[in-house]
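Have a look at the structure below before the remarks.
In our numbering, the protein residues as written are 1408 to 1548.
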């Protein structure tokens, strides 16, 4: 099976804080020789550094870092690059990190930087789902 996966879930230190979200179920998928793994980090692909200030999507759809810097363009560029990769590679499944402003499948933070979550997709998840890809939240593995 060909699986596109958020790179942080594979242990890559690409999170906003320089860490990762290594997930044992994902590592088991990656260890299976029958699977082809395609790691992605939309925020890095969009040109954002590691580490970086946390970002959230505002109610108007714009993405801002906690310090007020607008990063909507970088988020959409990273999402576009992930879509191009998915269209080229044709993965059977895409597994994304929960609650991320890029990768959140079931929910993401509400844009207030208070920890409140809302049932909405992140930028990349939304684009991939909207283009017909099978996208799963890592929590649903």
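Beta carbons are placed, not taken as given, at the ideal position from N, Cα and C, and that holds for glycine.
Bear in mind that the values here come from a model prediction, so they are computed numbers and not experimental data.
Exercise for review: Look up residue 1434 in the DSSP assignment and say whether it is helix, strand or coil.
Suggested key: helix
Check your understanding: Counting pairs of beta carbons, one from the segment 1458–1476 and one from the segment 1492–1511, are three or more of them closer than 8 Å?
Key -> yes
**Study point:** DSSP state of residue 1469 mapped onto helix, strand, coil
**Key:** coil
Exercise for review: Determine the contact status of residue 1425 and residue 1458, defining contact as a CB-CB distance below 7 Å.
Suggested key: At the C-beta level, residue 1425 and residue 1458 come within 7 Å of one another.
Point to revise | 7 Å CB neighbourhood of residue 1408 in its chain, flanking five on each side removed | key: 1441, 1442, 1499, 1500
Check your understanding: Do you know how far the Cα of residue 1468 is from the Cα of residue 1477?
Key -> 11 Å
Exercise for review: Taking residue 1530 and residue 1486 to be in contact with their CB atoms under 8 Å, please state how far apart those CB atoms are, rounded to whole angstroms.
Suggested key: 5 Å
Review point. From residue 1472 to residue 1414, what distance separates their C-alpha atoms?
Key: 21 Å
Review point. Do you know offhand how far residue 1433's Cα is from residue 1475's?
Key: Cα-Cα distance, rounded: 34 Å.
**Study point:** For residue 1504 and residue 1416, believed in contact at Cβ under 8 Å, the rounded distance
**Key:** 6 Å
Check your understanding: How about residue 1410: is its C-beta nearer than 7 Å to some C-beta of chain B?
Key -> Protein chains in the displayed structure number just one, and chain B is not present.
Review point. Under the rule that 16 or more other beta-carbon atoms within 10 Å means buried, what is residue 1515, buried or exposed?
Key: Residue 1515 is buried by the Cβ-count criterion.
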